[in-house]
Structures are given as C-alpha cells and as structure tokens.
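No gaps in the numbering here: position 24 of the sequence shown is 450 in the numbering used here, and each next residue is one more.
C-beta: ideal position from N, C-alpha, C; glycine also.
Note that this is a predicted model, so its numbers are computed, not measured.
Notes follow the structure.
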Amino acid sequence: MVKITTDIVVIGSGVGGLSCAALLARYGYDVVVCE
C-alpha cells in the first residue's frame with residue numbers, strides 16, 4: 427500500500443468539490459479529490 431501525505435482531502439468531484447479543491451490549491455494547499 428502506498429502512503430500519500432496531503433493537506434486536504436475533498437470527498438466528491440462535483441462542481442462544488444472541484445471548485446473548493448481548485449481554490450485551496452491556488453492558495454498553496456496540497457489537495458486530493460476522491461470520488
């Protein structure tokens with residue numbers, strides 16, 4: 427199993443989840459989106 431270190435995990439890749447992830451990434455956070 428591979429371990430991944432990230433700042434924020436967004437659950438759901440709908441419009442809201444992707445918008446939230448993009449904004450957080452723009453502010454410098456390491457974001458992972460899971461569907």
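Could you tell me the boundaries of the alpha helix (DSSP H) in which V436 lies?
-> Premise fails: V436 lies in the beta strand (DSSP E), 434–437, not in any alpha helix (DSSP H).
What three-state label does DSSP hand V441 in the structure shown?
-> helix
If we call anything under 8 Å between Cβ atoms a contact, is V459 one with L444?
-> yes
Environment of V436 [buried if 16+ CB atoms lie within 10 Å] | buried
Sorted by chain position, which residues of the same chain lie with C-beta nearer than 6 Å to D433's C-beta, five sequence neighbours on each side aside?
-> Y455, D456
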